[in-house]
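Undergrad: Mind looking over this structure? Questions follow.
Numbering (the numbering used here), first residue to last: 73 to 167.
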């Protein structure tokens, strides 16, 4: 979610006015009439309103921009890669 959040959501608009703008993670494309799922969430953004709490969690963590979300995603990817490499090295040494 740290990568998809800044790419497809209205996170920064929601941060500017969280009481009048609803959190939305994505927009449904107009294929086979599914665009009816999109609703006005405020701030000139139409999409599916989410209630998962990701926006509140990110704000509580101190993440206040899309760039910070991207950096968090890249950092998590690097951590996962190095952690996996350490795990493989330890398994190789012990076997």
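Glycine residues also receive a C-beta, built at the ideal position from the N, C-alpha and C atoms.
As the structure is a computational prediction, the values presented were derived from the model and not from experiment.
(1) In this structure, how does DSSP classify residue 96 when only helix, strand and coil are distinguished?
(2) So who's on the other strand from residue 120, going by DSSP bridges?
(3) Given 8 Å as the limit, is there contact between the stretch 119-137 and the stretch 149-157, that is, 3 or more CB pairs closer than that?
(4) Across the stretch 145-152 and the stretch 120-136, are there enough close Cβ pairs to call them in contact, namely three or more that are closer than 8 Å?
(5) Could you name the residues that DSSP lists as bridge partners for residue 89?
TA: Concretely, from the data shown:
(1) Numbered from 1 along the chain shown, position 24 holds the residue referred to as residue 96. Taken through DSSP and simplified to helix, strand or coil, residue 96 comes out as strand.
(2) For the purposes of this step, residue 120 is identified with residue 48 of the chain shown, where counting begins at 1. In the DSSP output, where bridge partners are listed per residue, residue 120 has 98.
(3) Segments in contact, no.
(4) No, because fewer than three Cβ pairs between the stretch 145-152 and the stretch 120-136 fall closer than 8 Å, the two stretches do not touch.
(5) Against the chain shown, residue 89 aligns to sequence position 17. Its beta-bridge partners do not exist; DSSP assigns none.
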